[in-house]
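Peer 1: What follows is a structure written as structure tokens; I'll ask about it next.
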Ligand SMILES: Cc1ncc(COP(=O)(O)O)c(C=O)c1O
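Numbering (our numbering), first residue to last: 55 to 414.
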């Protein structure tokens, strides 16, 4: 048995029971682990469906340049698909994306344009504006615009939704999923609600994003926006791919708790997953009280942890951001080393201060 090419291996990701981390839950909780896609994220599905739908419509010509504004994962999937299909790939990325993510995009042959993370979407320096501008400049180019391209949602309506329905034999009662462009959440949720309107759809948002407030008020609140650390989750614009009507609860999670949950998933479940997977897991804990034995929870984990080795899985980064305290002293050697280090710093400072007072 073999696949015709790597694109044929996209989708049909496993549903894995979370036995350790959720051992105190009354309901079984299953993770839909999208890291099993060949590009290691759910965006393989989105990118493939958006490209193939555009090909069918005749919007993409042979030798075209595909352009996209991406937080990294869509870019990686696109770079993979473009290299197989013979398209050039130009990606504009926020400087918030980890260095590993940017290196991965370049390694797959994409041209990467890094744009300042704090530029507002309408600012010409933002990664959205740059992508739109490049699509006007580059001949025979096609801008996918995943926030507004409804084929994004379609990918999950036709694949992720049916897979979860079949894998749970129709028993799913709660679906927990991050909202960025909204494609993964809305496409899957639409399919599931068509099968059983009682299924609870729980959307996960970040503090610093406008999405939850928009769902509550139907108004864009700029005051909600501030920088945050989780990648891929939340938005500072309202994407057309979010179907706000299918959402039953919108829950915000913090940078710190999401990072700690990601680490817990790695340590307790053997699942090395991305930062937003930690966010989704944290959200499951926030609904724990609502769950009983009759429920079946599915939480979607969007990507793999290898893209966050310099962040969530780096103790120094965790400490710098105040997500972890100082390392506990766990041996005599470590204790003595710390005292020696402090002594050395103090001695150096003393010598420097003394020398600066000496006049020759
Ligand atoms: C790591 C990660 N998590 C979550 C999301 C959100 O998925 P969606 O855009 O389908 O809402 C993204 C989207 O880029 C992502 O890259």
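Each residue gets a CB set at the ideal place from its N, CA and C atoms; glycine is no exception.
From the DSSP output, read off the bridge partner residues of residue 142.
Peer 2: Residue mapping note: residue 142 aligns to position 88 of the chain shown, counting from 1. The partner list for residue 142 (beta bridge, DSSP) reads 119.
Peer 1: Pick from 74, 78, 70, 64: whose alpha carbon is nearest that of residue 441?
Peer 2: Residue 441 is absent from the model: the chain starts at 55 and stops at 414.
Peer 1: Just to confirm, are residue 370 and residue 331 a CB contact at a threshold of 8 Å?
Peer 2: Against the chain shown, residue 370 aligns to sequence position 316. Against the chain shown, residue 331 aligns to sequence position 277. Not in contact: residue 370 and residue 331 (Cβ atoms no closer than 8 Å).
Peer 1: Could you check if residue 140 belongs to the surroundings of ligand 1, using beta carbon to heavy atom distance under 7 Å?
Peer 2: Here the question's residue 140 lines up with position 86 in the chain shown. Flag unset: Cβ of residue 140 not near ligand 1.
Peer 1: Under 7 Å: does the beta carbon of residue 356 sit that close to some heavy atom of ligand 1?
Peer 2: Here residue 356 refers to the residue found at position 302 when the chain shown is read from its first residue. Yes, the Cβ of residue 356 comes within 7 Å of a heavy atom of ligand 1.
Peer 1: If we require 3 or more residues per run, which beta strand (DSSP E) segments fall completely within the region 126-193?
Peer 2: Here the runs fully enclosed are 142-148, 165-169.
Peer 1: Could you tell me the distance, in whole angstroms, from the CA atom of residue 69 to the CA atom of residue 199?
Peer 2: Walking along the chain shown from the start, residue 69 turns up at place 15. Walking along the chain shown from the start, residue 199 turns up at place 145. Rounded to whole angstroms, residue 69 to residue 199 spans 29 Å at the Cα level.
Peer 1: Pick helix, strand or coil for residue 95, following the three-state DSSP scheme.
Peer 2: Within the chain shown, the letter at position 41 stands for residue 95. Of the three classes helix, strand and coil, the one that applies to residue 95 here is strand, per DSSP.
Peer 1: Looking at residue 72 and residue 336, is the spacing between their C-beta atoms short of 8 Å?
Peer 2: Position 282 of the chain shown, counted from the start, is the residue given in the question as residue 336. Position 18 of the chain shown, counted from the start, is the residue given in the question as residue 72. Not a contact, by the Cβ cut-off of 8 Å.
Peer 1: Using the rule of at least 16 other Cβ atoms within 10 Å of the residue's Cβ for burial, across every protein chain shown, is residue 75 buried or exposed?
Peer 2: In the chain shown, counting from the first residue as 1, residue 75 sits at position 21. Buried, because 16 or more other Cβ atoms sit within 10 Å of the Cβ of residue 75.
Peer 1: Helix, strand or coil: how does DSSP classify residue 414 here?
Peer 2: Reading the chain shown from its first residue, position 360 is the one you call residue 414. The predicted model places residue 414 with a pLDDT of 49, which falls under 50 and marks its position as unreliable, so this point remains unresolved.
Peer 1: Would you report the Cα separation of residue 179 and residue 341, rounded to the nearest angstrom?
Peer 2: Mapped onto the chain shown, residue 179 falls at position 125. Mapped onto the chain shown, residue 341 falls at position 287. Roughly 39 Å between the two C-alpha positions.
Peer 1: Could you compute how far the alpha carbon of residue 414 sits from the alpha carbon of residue 407?
Peer 2: Stepping through the chain shown from its first residue, residue 414 is reached at position 360. Stepping through the chain shown from its first residue, residue 407 is reached at position 353. Bear in mind that a pLDDT of 49 at residue 414, under 50, signals an unreliable position, so the model cannot answer this.
Peer 1: What distance in whole Å lies between the Cβ atoms of residue 292 and residue 280, which are believed to be in contact at a cut-off of 8 Å?
Peer 2: Numbered from 1 along the chain shown, position 226 holds the residue referred to as residue 280. Numbered from 1 along the chain shown, position 238 holds the residue referred to as residue 292. With a Cβ gap of about 17 Å, residue 280 and residue 292 do not count as contacting.
Peer 1: Just to check my reading of the structure: residue 282 and residue 328 have Cβ atoms closer than 8 Å, yes? What is that Cβ distance to the nearest angstrom?
Peer 2: Position 228 of the chain shown holds residue 282. Position 274 of the chain shown holds residue 328. Actually they do not touch by this definition, with Cβ atoms about 15 Å apart.
Peer 1: Tell me whether residue 118 is buried or exposed, calling it buried when 16 or more other Cβ atoms sit within 10 Å of its Cβ.
Peer 2: Residue mapping note: residue 118 aligns to position 64 of the chain shown, counting from 1. Answer is buried; the Cβ neighbour count reaches 16.
Peer 1: Please name the residue, chosen from 67, 376, 399, that lies closest to residue 219 on a Cα-to-Cα basis.
Peer 2: Here residue 219 refers to the residue found at position 165 when the chain shown is read from its first residue. Looking at the Cα atoms, 67 is the closest of the given residues.
Peer 1: For ligand 1, is there a heavy atom less than 7 Å away from the beta-carbon of residue 234?
Peer 2: As a first step, residue 234 is located in the chain shown; it is residue number 180 there, counting from the start. Yes, Cβ of residue 234 sits closer than 7 Å to a heavy atom of ligand 1.
Peer 1: Restricting to Cα atoms, I'd like to know which of 88, 82, 134 is closest to residue 101.
Peer 2: By 1-based counting over the chain shown, the position of residue 101 is 47. Looking at the Cα atoms, 134 is the closest of the given residues.
Peer 1: Any beta carbon of chain C sitting closer than 8 Å to that of residue 359?
Peer 2: Given the protein chain composition of this structure (a single chain), no chain C is represented.
Peer 1: State the start and end residues of the unbroken alpha helix (DSSP H) segment that holds residue 338.
Peer 2: In the chain shown, the residue the question calls residue 338 occupies position 284. Segment 329-340, the alpha helix (DSSP H) holding residue 338.
Peer 1: Can you tell me whether residue 128 sits near ligand 1, meaning its C-beta is under 7 Å from at least one heavy atom of the ligand?
Peer 2: Here residue 128 is taken as the residue at index 74 of the chain shown, counted from 1. Flag set: Cβ of residue 128 near ligand 1.
Peer 1: For residue 354, which residues does DSSP report across the bridge?
Peer 2: Working through the chain shown from its first residue, we reach residue 354 at position 300. Paired residues: 86.
Peer 1: Can you tell me whether residue 393 is buried or exposed, with buried defined as 16 or more other CB within 10 angstroms of its CB?
Peer 2: Here residue 393 refers to the residue found at position 339 when the chain shown is read from its first residue. Flag for residue 393 reads exposed.
Peer 1: Can you tell me whether DSSP reads residue 264 as helix, strand or coil?
Peer 2: If you number the chain shown from 1, residue 264 lands on position 210. In this structure, residue 264 counts as coil in the three-state DSSP scheme.
Peer 1: Take residue 235 and list the residues in its own chain whose beta-carbon comes closer than 7 Å to its own, dropping the five residues that flank it on each side.
Peer 2: Position 181 of the chain shown, counted from the start, is the residue given in the question as residue 235. Excluding sequence neighbours, residue 235 sits near 200, 201, 206, 293, 295.
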